[in-house]
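Following the working numbering, the residues of the sequence shown are numbered contiguously, the last one being 331.
Every residue, glycine too, gets a C-beta built ideally from N, C-alpha and C.
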Amino acid sequence: MSLSASMNIGLGALNVNQAAINVVSNNIANMNTEGYSKQRVELENLKGYSAIANSAGKSNYIGNGVSIAKISTYRDIYMDRNFRSENTQYKLNETLYEYASNIETIMNEYEDGGIKSALEKFYDAAQSLASDPSNSVYRTNFATQAQNVGNVFNKLYSSLSEKRAEIVGDINDPGSLDSSMVGVSIDEVNEKLQSLADLNYKIIIAEAKGNGSASLRDERSRLLDEISSQIPVTVTENSNGTVNLYMNDMRLVKGAKLECTLEATVGDEATPAIINVLDEQGNIKFNNVNDKIDSGQIGAYLEMGSSEPNTLSYSNVISQLNQLASGFANDLNSIQKYSNGDRK
């Protein structure tokens, strides 16, 4: 090997190690960057050549230095899978808690203007009236408190109904579904699914040209995390570096191809918003997949807007409120009959 060749190998090694140092520096600089995956330099031996045969008649192989094979990222697919599974469940619980707190605020149970306070004042007025039915002051107060209870019921019903419509739309106003939380979120998911397919395509092209795809993969990972916050997802990786995305057992994205999208349609009083899965032509492939969206923000929206038994939802609270109002009306009629002297 000539002196020039040796110097070239040494210079190449310096350049390779300088590049490795740059990668380490970049890792340090981005240690707090959301979604960034630590990178590493993978080296390979440059193809050498055979030297002149030695005294034993055998050729000596002489290396030609080192080069960068590729820059890869540290990602654990099992940790990613576990994170997305936990993330979708966390977003479900977080959103449910947010709306449960809102229901508590609306019901205002422990404040002076709540239904409990209104009923207590009404029954106090009723007892006073029962003790002296001819007392005009008691009669006026009884009528006032009865009206107040009715006003509280109406206020609660309106507030709960408006919030439910904000989440899943109002079946009597079909256009409201598009601007509801469910409608807007479904549109967002569809946009992200298309972006995922586009990123898969970009990764194929970048790696086919021998260019690094680390930043594209990081962007894709962030996108997958975002999608998992809205719907339950399962992600599988293909041999060409692309990924497939499933919602439960339904494949939505296959590599660089967007196979299916989601659609929100108006349902009935029990289920105001129904989610369908559409194929590439826009035809329904899977009808009413609400039960498949059992986690994520959209799962929480569907649960809070439905009338599924044994769950805390706006619909169920409204139903219980209606039952309470009906019971109050019956009691009011009984009290009025008693105060009028009809005790039959």
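Residue i burial status per 10 Å Cβ neighbour count (16 or more: buried)
i      : result
Gln181 : exposed
Gln310 : exposed
Ala133 : buried
Leu211 : buried
Thr127 : exposed
Gln5   : exposed
Met168 : buried
Asp119 : exposed
Asn80  : exposed
Gly254 : buried
Asn32  : exposed
Lys78  : buried
Ile64  : exposed
Thr20  : exposed
Asn187 : buried
Ile173 : buried
Arg204 : buried
Ile15  : exposed
Rounded separation between residue i and residue j - CA only
i       : j      : result
Lys103  : Gln268 : 54 Å
Ser321  : Ala117 : 12 Å
Asp111  : Glu91  : 25 Å
Ser123  : Ala316 : 22 Å
Tyr144  : Arg209 : 40 Å
Arg27   : Ser282 : 35 Å
Gln307  : Ala113 : 24 Å
Val171  : Asp165 : 6 Å
Val222  : Lys179 : 14 Å
Lys331  : Thr258 : Summary for Lys331: the model assigns pLDDT 46, below 50, so the residue's position carries little reliability, and this model does not support an answer.
Leu319  : Glu256 : 29 Å
Gly(-3) : Ser54  : 11 Å
Ser202  : Ile58  : 11 Å
Asn231  : Ser88  : 37 Å
Lys115  : Gln284 : Position check: residue 115 holds Ser in this sequence, whereas Lys was assumed. Going by the C-alpha atoms only, they are around 50 Å apart.
Lys241  : Tyr288 : 27 Å
Arg68   : Val139 : 48 Å
Ser216  : Asn297 : 25 Å
Leu147  : Ile218 : 25 Å
Asp278  : Met66  : 26 Å
Leu239  : Arg71  : 16 Å
Asn141  : Met234 : 40 Å
Asn2    : Leu245 : 42 Å
Ala260  : Ile280 : 12 Å
Glu206  : Ile8   : 23 Å
Thr252  : Ser200 : 39 Å
Asn227  : Leu30  : 21 Å
For residue i, the three-state DSSP class (helix, strand or coil)
i       : result
Asn198  : coil
Thr75   : helix
Leu(-2) : helix
Ala251  : strand
Asp58   : First, the residue type needs correcting, since residue 58 is Ile and not Asp in the sequence shown. Here Ile58 sits in strand by DSSP.
Gln268  : coil
Asn263  : strand
Val230  : strand
Val155  : helix
Asp165  : helix
Leu245  : strand
Val176  : helix
Asn141  : helix
Leu147  : helix
Asn317  : helix
Asn187  : helix
Glu107  : helix
Asn17   : coil
Leu299  : coil
Leu203  : helix
Gln5    : helix
Asn26   : The identity of residue 26 in the sequence shown is Gln, whereas the question assumes Asn. DSSP places Gln26 in strand when its eight states are reduced to three.
Val276  : coil
Thr221  : strand
Asn122  : coil
Asp63   : coil
Residues near residue i in its chain [Cβ-Cβ closer than 7 Å; skip 5 each side]
i      : result
Val264 : Met237, Cys247, Leu249, Lys272, Phe273, Val276
Leu302 : The displayed chain sequence assigns Ser, not Leu, to residue 302. Answer for Ser302: Arg151, Gly292, Ser293, Ser294, listed in chain order.
Gln76  : Ser282
Glu224 : Ile64, Val230
Phe129 : Ala112, Ala113, Leu116
8 Å Cβ shell around residue i - same chain, five flanking residues per side excluded
i      : result
Leu106 : Val136, Phe315
Ile336 : Outside the shown range of the chain, which is -12 to 331, sits residue 336, and nothing can be said about it.
Ile154 : Tyr86, Ser167, Met168, Val169, Tyr288, Met291, Gly292, Tyr301
Asn74  : Asp212, Ser215, Ser216
Leu83  : Ala287, Glu290, Met291, Leu299
Asp266 : Glu246, Cys247, Lys272
Gly100 : Val139
Own chain residues within Cβ distance below 6 Å of residue i, not counting five before or after
i      : result
Tyr86  : Met291
Lys108 : Gln132
Counting beta carbon pairs with one atom in the segment 147 to 167 and one in the segment 191 to 198, are three or more of them shorter than 8 Å?
no
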